[in-house]
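Comments concern the structure below.
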Amino acid sequence: MYCMSNHSSESLYQHYRLLLGLRSPWEVSDVDLRVGESRVTVSVDWPKGQKPCCPDCGASCDIHDHAPQRRWRHLDTMQFETVIVSRTPRVDCSECGVKTIGIPWAEPRSRFTLLFEALAVETIGACRSLKQAGALLSLSYDQLQRIMDRAVRRGMGRREQRPVRRVGVDEKSFRRGHGYASIMTDLDQSRVLEVVENRDGEAAKALFDSLGINARQIHAVAMDMWPAFMGAAALKAPEAVVVHDRFHVSKHLNEAMDSIRKSENKELSSQGKDYLKGTKYLFLRSSQSWNDDHREMFQIVKDLSLKVAKAWAAKDAFSEFWSFRNRGQALAFFNNWRRWVGRLKLGPLTKASDMLKRHLDGLLNYSMYPITNAASEGFNSKIQSLISNARGYRRFENLRTAILFHCGKLDMCPLKTQ
Ligand SMILES: [Zn+2]
Numbered sequence: 575m576y577c578m579s580n581h582s583s584e585s586l587y588q589h590y591r592l593l594l595g596l597r598s599p600w601e602v603s604d605v606d607l608r609v610g611e612s613r614v615t616v617s618v619d620w621p622k623g624q625k626p627c628c629p630d631c632g633a634s635c636d637i638h639d640h641a642p643q644r645r646w647r648h649l650d651t652m653q654f655e656t657v658i659v660s661r662t663p664r665v666d667c668s669e670c671g672v673k674t675i676g677i678p679w680a681e682p683r684s685r686f687t688l689l690f691e692a693l694a695v696e697t698i699g700a701c702r703s704l705k706q707a708g709a710l711l712s713l714s715y716d717q718l719q720r721i722m723d724r725a726v727r728r729g730m731g732r733r734e735q736r737p738v739r740r741v742g743v744d745e746k747s748f749r750r751g752h753g754y755a756s757i758m759t760d761l762d763q764s765r766v767l768e769v770v771e772n773r774d775g776e777a778a779k780a781l782f783d784s785l786g787i788n789a790r791q792i793h794a795v796a797m798d799m800w801p802a803f804m805g806a807a808a809l810k811a812p813e814a815v816v817v818h819d820r821f822h823v824s825k826h827l828n829e830a831m832d833s834i835r836k837s838e839n840k841e842l843s844s845q846g847k848d849y850l851k852g853t854k855y856l857f858l859r860s861s862q863s864w865n866d867d868h869r870e871m872f873q874i875v876k877d878l879s880l881k882v883a884k885a886w887a888a889k890d891a892f893s894e895f896w897s898f899r900n901r902g903q904a905l906a907f908f909n910n911w912r913r914w915v916g917r918l919k920l921g922p923l924t925k926a927s928d929m930l931k932r933h934l935d936g937l938l939n940y941s942m943y944p945i946t947n948a949a950s951e952g953f954n955s956k957i958q959s960l961i962s963n964a965r966g967y968r969r970f971e972n973l974r975t976a977i978l979f980h981c982g983k984l985d986m987c988p989l990k991t992q
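Just so we're on the same page, the working numbering is the position in the sequence shown counted from 1, plus 574.
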């Protein structure tokens, strides 16, 4: 405790009372400064003789007893870690029984004051990793996790249940080998709406269910050509138009082309020819991103009339499909493209083209609803960095919290509830 006259300790207590933003009649009864530990502990009490109100019915009640002492971390003052301690009174209400009264400086069950928690939410949001936030705030991983859990619960509770018109549904691997999450994104407002574990039909249904009755207001959903997701959309958002995501389509075409390259490279290598050595990324790129070396390499492969060059040309040409804003023109383009691919007789490419044919309706819908998971692709890189910073998530719940915390555009500040 400070060694000073009664008068100056009174004004110090008053100073801390203002600093902590304490509301009447709470008062500061002690300030214990430990210079060696860089810590100041402020005792806050309910004044004797004051009648508190029952937290449930609001009736003015007698004090029954005091709850055991609790501690709350507050904002540092002058680089001193500042802690509030208090024994909260419990009232004896004739209607409701014995109840602990509410405290104005913290949320129930939190070990931090509202102001500290608000600072922590801001800091975590601004940091590249939890480790960095933990170092700045002197908090453990578990403490940060609980602050984020509460912040996301707060934000999700405040989110308005307004219709969303265009959404994306996508999956994300969060643990090596297994461990998937399905993510729903609001494409108009570029925010993640919900994250659920697994990537099956049940997971996709849960995503739509999270929107409640608003699922029926969705106009269009962007997704991969995945039966589980398509089935869930048909069931839960029957009015919505399914639009197959162009980035997934281009991934399927790239995979087909790459398997053609691999087997052709194997065949050539067995004859001692290494034309295709080191060309993997040349073919995975689009021609717009080639440099002079790439163009020269491609010319050689093309002049040799290799299969991979033909497959690449078919893949590259397909990108024009996305430019049509008229369903009939898009269909005519597709039919021409498919005839060309059929003549090439390249197994994996034919298979990919058959898959596109089976999902033609969802592909043609792009001409009317040009939406993609591009917003969620942007989130994907953010989510990917969250995962690698956390070295893979062991608990799905923590991944969900992190994604919604950083990509949910939630109002998570604890001060606004007051
Ligand atoms: Zn009561």
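For every residue, glycine included, the Cβ atom is placed at its ideal position computed from N, Cα and C.
DSSP beta-bridge partners of residue i
i    : result
C627 : S634
P663 : H640
Y754 : S747
beta-carbon residue i near ligand 1 non-hydrogen atom, thresh 6 Å
i    : result
C627 : no
D606 : no
D723 : no
D630 : yes
C667 : yes
C670 : yes
A633 : yes
Assigned exposure category for residue i - 16 Cβ within 10 Å defines buried
i    : result
V616 : buried
V875 : buried
H980 : buried
A725 : buried
M986 : buried
V915 : buried
N900 : exposed
Y715 : exposed
C631 : exposed
P642 : exposed
L989 : exposed
Nearest candidate by alpha-carbon position, reference residue i, set the options
i    : options                   : result
A883 : A777, V743, F953 and N839 : N839
L937 : A789, G852 and F892       : F892
G753 : R969, F821 and I637       : R969
N910 : G921, K931 and P922       : K931
L689 : V657, Q706, Q735 and S703 : V657
Q763 : R773, L989, Q845 and N947 : N947
S833 : H868, Y943, R869 and W886 : W886
S660 : H640, G671, T651 and W896 : H640
S524 : E870, T924, R613 and P737 : This structure leaves residue 524 out entirely; the chain is present only between 575 and 992.
K810 : H826, K779 and E870       : K779
M831 : R974, K625 and L920       : L920
R740 : D619, E813 and P922       : E813
L978 : V695, H933, G846 and D866 : V695
E691 : E734, Q719 and E669       : Q719
CA-to-CA distance, residue j to residue i, given in whole angstroms
i    : j    : result
A904 : F898 : 6 Å
V743 : L880 : 38 Å
M575 : L607 : With a pLDDT of 45 at M575, under the threshold of 50, the modelled position of that residue is not reliable, and no figure is offered here.
V665 : I675 : 7 Å
F908 : M804 : 22 Å
C577 : R685 : The predicted model places C577 with a pLDDT of 45, which falls under 50 and marks its position as unreliable; any figure quoted below should be read in that light. For C577 and R685, the distance between alpha carbons rounds to 29 Å.
E611 : F654 : 8 Å
V602 : K622 : 13 Å
R790 : A806 : 12 Å
G775 : M797 : 13 Å
S579 : I677 : Because S579 sits at a pLDDT of 49, beneath the cut-off of 50, its placement in the model cannot be relied upon, and the following sentence gives the value as read from the coordinates. When rounded, the distance between both Cα atoms is 30 Å.
I637 : A680 : 21 Å
D760 : S941 : 20 Å
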